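*Asks:* Take this structure, written in structure tokens, and hold onto it; I'll ask about it next.
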Amino acid sequence: MAPRKKKYRHKHLSIVQSQIFSKYFPLTSIDTLPDDVLLEVFDHYRTVSAGDWARSEGWYKLAHTSRRWRRLVFASSLRLNLQLRCTFGTPVRDMIDHSPAFPLILDYGPRLLNTWTPADEDGLLFALQHLSRANEIMLSAPQSTLAEMTAAMLEAAPRLEHLTLHSQSAEFVLPKSFLDGNAPQLRHLILTGISLATLHPLLPSATDLVSLVLERVPSSAYFSPESLIAHIRSMPHLQTLSIGFLSALPRPDLGSVRFLRSGQTSQARIELPALTQLVYRGVSAYLESLLARVRTPLLQDIDVTLFNQLTLRLPRTCTFISDLELFRPTSARIDFAQTSAHILLFTTSAALQPSEPLSQSPDMSLSVSCNRLDFQVSAMAQICSSLSGNIGSGAGAHLLLPVEELMLGFHQGELSEEWRGEEVIDPSLWRALLAPFRQTRMLRVHVALAADLERALRPPQPHSTDGPAFIGEEVGLEQELLLPELRTIVLLHGDDEGMLAGASEALSAFVDERNRAGHPVNVERQDLSRL
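In structure tokens:
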């Protein structure tokens, strides 16, 4: 019986302790909180559950907890940013018919990757009858479905802030009366495979655009730089501009037009005072013409992809970059991959002054789409040569490539055996690529490129037949030397110890030669997994 008495004793003590705790620390139910405090809790929940809230799931849960909560949530719809999200698989008609007239989000965008069903089409068509309530429209569909949906979007959209239209098939032409040419609150416009020509009535009303993205523009929908400038010059709040063409060839009526007249050295510029990001994909001539016409004092991110061309001349692009006062890169990274070569110029945090935020130092990324390594090296050499000259005049003149660290990357796992071509890459191409980096002190190079690097850096032989070993070969040794400030080579390697040993051996002669010439170079190793 003793164990039973002990059990009852513990139970009695627990009851007493609970009574004492309740007396001095009374429990408070959330229902006893006043409305203003409860609303603060809801508002905090909205910020911590941003994903669910944007999908309407967050406030749905609150509104279905109790009548009081439902009343409070609905009475604070503006503060809590209540919206109805219509998307694939949702009962759109019932939701709109049995809910207050909250703003609509029509989310049928490309990121969802759903297959359209008749129910989805019917639901969206019903939602488009309430176009005046639409805050966001994201629509990705085949041409037939897209045609049906945009044909129902002929009324003005006074509350629309975000519009994404993505054609999953060929070029799509919008109806002439799309949105009645009136979307005064539009902030973000993303068009993929959509003809810009049909947006003439809409864009003049969208003077408060923050981002304009025109992707996969087919040749039949090509628009001139002048046409683009005519639209964006009245957008003082534009922060992101992205232009991407599908083809290097414009439509036939633009085929013989020069983007800038031959010999033209100056061009009236417009200023985009808020632009921070510029993304471009197309031919260099179009980019040259566009950048000759704009000035962007706050630009922080330049991402350019050029179609493959035998000759790449970028004088106006270099002038444009030079006008960016904060752009003084200290590092460069050149990557060679299966379908493109890529150069990234950036400023490391260690090179910045303590009072200069890293975000204010612009980064520039420039890619060229081509498949063979020799074409890639040639393209990168031309780009680096263009960027290495003295840009500007007087006190403002400077070099764009005074980088102290250069990396040559090689994405070996992605490459086929035919990628290199049948012959060894001409060392003169590598020399032309390395020549602009005269202030580089550290060179990081993938072990697969070590043999190419050794042939490029090999001291020139008299009567050599493999092309000029360097720029200015006829001058003294100090000017002949490639990478004269080089002090460290870091071999980037993976698990292949044989490749690492071969790379080290290939560079040994170069290192010995530099040491004898009084320009000592150290060779280090770094595992690619630690980059």
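521 is the number that our numbering gives to position 40 of the sequence shown; each next residue is one higher, with no gaps.
We treat Cβ as the ideally placed atom computed from N, Cα and C, and that holds for glycine.
Bear in mind that the values here come from a model prediction, so they are computed numbers and not experimental data.
(1) Got a sec? Which residues, its chain only, sit under 6 Å from I618 by beta carbon, not counting five neighbours each side?
(2) Looking at L826 and A813, is the spacing between their C-beta atoms short of 7 Å?
(3) Please tell me whether M634 and L672 are closer than 7 Å, where the distance is taken between their beta carbons.
(4) When you compare each of A755, R997, M980 to Q781 by their alpha carbons, which one comes out closest?
(5) To the nearest angstrom, report how far apart R566 and I710 are at their CA atoms.
(6) Drop a sphere of 10 angstroms on the beta-carbon of S840, count the other beta-carbons inside from all chains shown, and report buried for 16 or more, exposed for fewer.
(7) Compute the Euclidean distance between the alpha carbons of L934 and S658, then round it to the nearest angstrom.
(8) Pull the bridge partners of N789 from the DSSP assignment, please.
(9) With distances taken Cα to Cα, identify the nearest neighbour of L585 among L924, N562, Q624, L930.
(10) According to DSSP, which residues form a beta bridge with D1008?
(11) Just the C-alpha distance for S547 and P665, rounded to the nearest angstrom, thanks.
(12) At a Cβ threshold of 7 Å, is H712 touching chain E?
(13) With distances taken Cα to Cα, identify the nearest neighbour of R918 among D689, A932, L938.
(14) Suppose the cutoff is 6 Å on Cβ atoms and the five residues either side in sequence are ignored; what does the same chain contact list for L887 look like?
(15) What are the partner residues of Y767, as DSSP defines its beta bridges?
(16) Count the C-beta pairs between the stretch 909-916 and the stretch 996-1009 that are closer than 8 Å, then say yes if the count reaches three, no if not.
(17) I'd like to confirm something about N663: is its beta-carbon nearer than 6 Å to some heavy atom of the ligand PLP, or not?
(18) Look up S848 in the DSSP assignment and say whether it is helix, strand or coil.
(19) With the cut-off set at 7 Å, would you say S557 and G590 are in Cβ contact?
(20) Excluding five sequence neighbours on each side, which residues of the same chain lie with their C-beta closer than 6 Å to the C-beta of L787?
(21) Name the residue from Q790, R551, A702 whose alpha carbon lies nearest to the alpha carbon of L727.
(22) Shortest alpha-carbon distance to S686 belongs to which of D601, D661, H647?
(23) My output table needs one value for R549: the three-state DSSP class, helix, strand or coil.
(24) Should R1011 go down as buried or exposed, given a rule of 16 or more other Cβ atoms within 10 Å for buried?
(25) How big is the Cα-Cα spacing for N616 and L722?
(26) Using the C-alpha atoms, what's the distance from S708 back to S458?
(27) Could you give the first and the last residue of the continuous alpha helix (DSSP H) run that contains T800?
(28) Would you mind giving the Cβ-Cβ distance between T679 and V654, rounded to the nearest angstrom? I have them listed as a contact below 8 Å.
(29) Name the DSSP bridge partner or partners of S692?
(30) Report the CB separation of P843 from F808 in whole angstroms; it is logged as a contact under 8 Å.
(31) Give the secondary structure of V1002 by DSSP, where H, G and I count as helix, E and B as strand, and everything else as coil.
(32) Pick helix, strand or coil for S676, following the three-state DSSP scheme.
(33) For A822, which residues does DSSP report across the bridge?
(34) DSSP three-state call for A1024: helix, strand or coil?
(35) Name the DSSP bridge partner or partners of L646?
(36) Over the uninterrupted beta strand (DSSP E) stretch that includes V478, give me the two end residues.
*Replies:* According to the structure shown:
(1) To locate residue 618, count along the sequence shown from 1; it is residue 137. The residues are L587, L644.
(2) Against the sequence shown, residue 813 aligns to sequence position 332. Against the sequence shown, residue 826 aligns to sequence position 345. Contact flag set, yes.
(3) Taking the first residue of the sequence shown as 1, we reach residue 634 at position 153. Taking the first residue of the sequence shown as 1, we reach residue 672 at position 191. Taking 7 Å as the Cβ cut-off, M634 and L672 do not qualify as a contacting pair.
(4) Walking along the sequence shown from the start, residue 781 turns up at place 300. Nearest option by C-alpha distance: A755.
(5) Looking up residue 566 in the sequence shown gives position 85. Looking up residue 710 in the sequence shown gives position 229. Roughly 35 Å separates the two Cα atoms.
(6) Stepping through the sequence shown from its first residue, residue 840 is reached at position 359. Here the model assigns S840 a pLDDT of 49, short of 50, so the residue's position is not dependable, and the following value carries that caveat. Under this definition S840 is an exposed residue.
(7) Residue 934 sits at position 453 when you count from the first residue of the sequence shown. Residue 658 sits at position 177 when you count from the first residue of the sequence shown. Near 59 Å, if we compare the C-alpha coordinates of S658 and L934.
(8) As a position in the sequence shown, residue 789 is number 308, starting the count at 1. None, per the DSSP bridge assignment.
(9) As a first step, residue 585 is located in the sequence shown; it is residue number 104 there, counting from the start. Comparing Cα positions, the closest option is N562.
(10) Taking the sequence shown and counting its residues from 1, the one referred to as residue 1008 is at position 527. Beta bridge pairing from DSSP links D1008 with H974.
(11) Here residue 547 refers to the residue found at position 66 of the sequence shown. Here residue 665 refers to the residue found at position 184 of the sequence shown. In this model, S547 and P665 are separated by some 38 Å (Cα to Cα).
(12) Of the protein chains in this structure there is only one, and it is not chain E.
(13) Sequence index remark: in the sequence shown, residue 918 carries index 437 (1-based). For clarity, residue 918 is Phe in the given sequence; the question names Arg instead. Taking only the C-alpha atoms, the option nearest F918 is L938.
(14) Here residue 887 corresponds to residue number 406 of the sequence shown, with the count starting at 1. Counting only Cβ-Cβ distances below 6 Å, and skipping sequence neighbours, we find A813, F918, T921, L924.
(15) Here residue 767 is taken as the residue at index 286 of the sequence shown, counted from 1. The partner list for Y767 (beta bridge, DSSP) is empty, contrary to what the question assumes.
(16) No, they do not touch.
(17) The ligand PLP is not among the ligands present in this structure, which contains no ligands whatsoever.
(18) For the purposes of this step, residue 848 is taken as residue 367 along the sequence shown, with counting starting at 1. Taken through DSSP and simplified to helix, strand or coil, S848 comes out as strand.
(19) Along the sequence shown, read from residue 1 onward, the residue named residue 557 stands at position 76. Along the sequence shown, read from residue 1 onward, the residue named residue 590 stands at position 109. Between S557 and G590, the C-beta gap is not smaller than 7 Å, which leaves the two residues out of contact.
(20) For the purposes of this step, residue 787 is taken as residue 306 along the sequence shown, with counting starting at 1. These residues qualify, in order along the chain: S765, V849.
(21) Taking the sequence shown and counting its residues from 1, the one referred to as residue 727 is at position 246. Considering only alpha carbons, the answer is A702.
(22) Stepping through the sequence shown from its first residue, residue 686 is reached at position 205. Considering only alpha carbons, the answer is D661.
(23) For the purposes of this step, residue 549 is identified with residue 68 of the sequence shown, where counting begins at 1. Residue state for R549 is assigned as helix, using DSSP reduced to three classes.
(24) By 1-based counting over the sequence shown, the position of residue 1011 is 530. Under a 10 Å Cβ-count criterion, R1011 is classified as exposed, with fewer than 16 other Cβ atoms of the shown protein chains found around its own Cβ.
(25) Numbered from its first residue, the sequence shown carries residue 616 at position 135. Numbered from its first residue, the sequence shown carries residue 722 at position 241. Distance between the alpha carbons of N616 and L722: 22 Å.
(26) It is not possible to answer for residue 458, since the shown part of the chain is limited to 482 through 1012.
(27) Residue numbering aside, residue 800 sits at position 319 when the sequence shown is read from its first letter. Run containing T800: 796-803, per the alpha helix (DSSP H) assignment.
(28) On the sequence shown, residue 679 is found 198 positions in, with the first residue counted as 1. On the sequence shown, residue 654 is found 173 positions in, with the first residue counted as 1. The pair is a contact, with the Cβ atoms about 5 Å apart (cut-off 8 Å).
(29) Counting from one through the sequence shown, the residue named residue 692 turns up at place 211. In the DSSP secondary-structure assignment, S692 is bridged to H669, T721.
(30) Looking up residue 843 in the sequence shown gives position 362. Looking up residue 808 in the sequence shown gives position 327. Correct: roughly 5 Å between the Cβ atoms.
(31) Here the question's residue 1002 lines up with position 521 in the sequence shown. Here V1002 sits in coil by DSSP.
(32) For this step, residue 676 is matched to residue 195 along the sequence shown. S676 carries a coil assignment under DSSP once its states are collapsed to helix, strand and coil.
(33) Walking along the sequence shown from the start, residue 822 turns up at place 341. Within the DSSP bridge table, the entry for A822 names F817, V849 as partners.
(34) The shown model of the chain, from 482 to 1012, leaves out residue 1024, and the question about it has no answer.
(35) In the sequence shown, counting from the first residue as 1, residue 646 sits at position 165. Looking at the DSSP assignment, L646 forms a beta bridge with L620, L672.
(36) Since the first residue of the chain shown is 482 and the last is 1012, residue 478 is not available in this structure.
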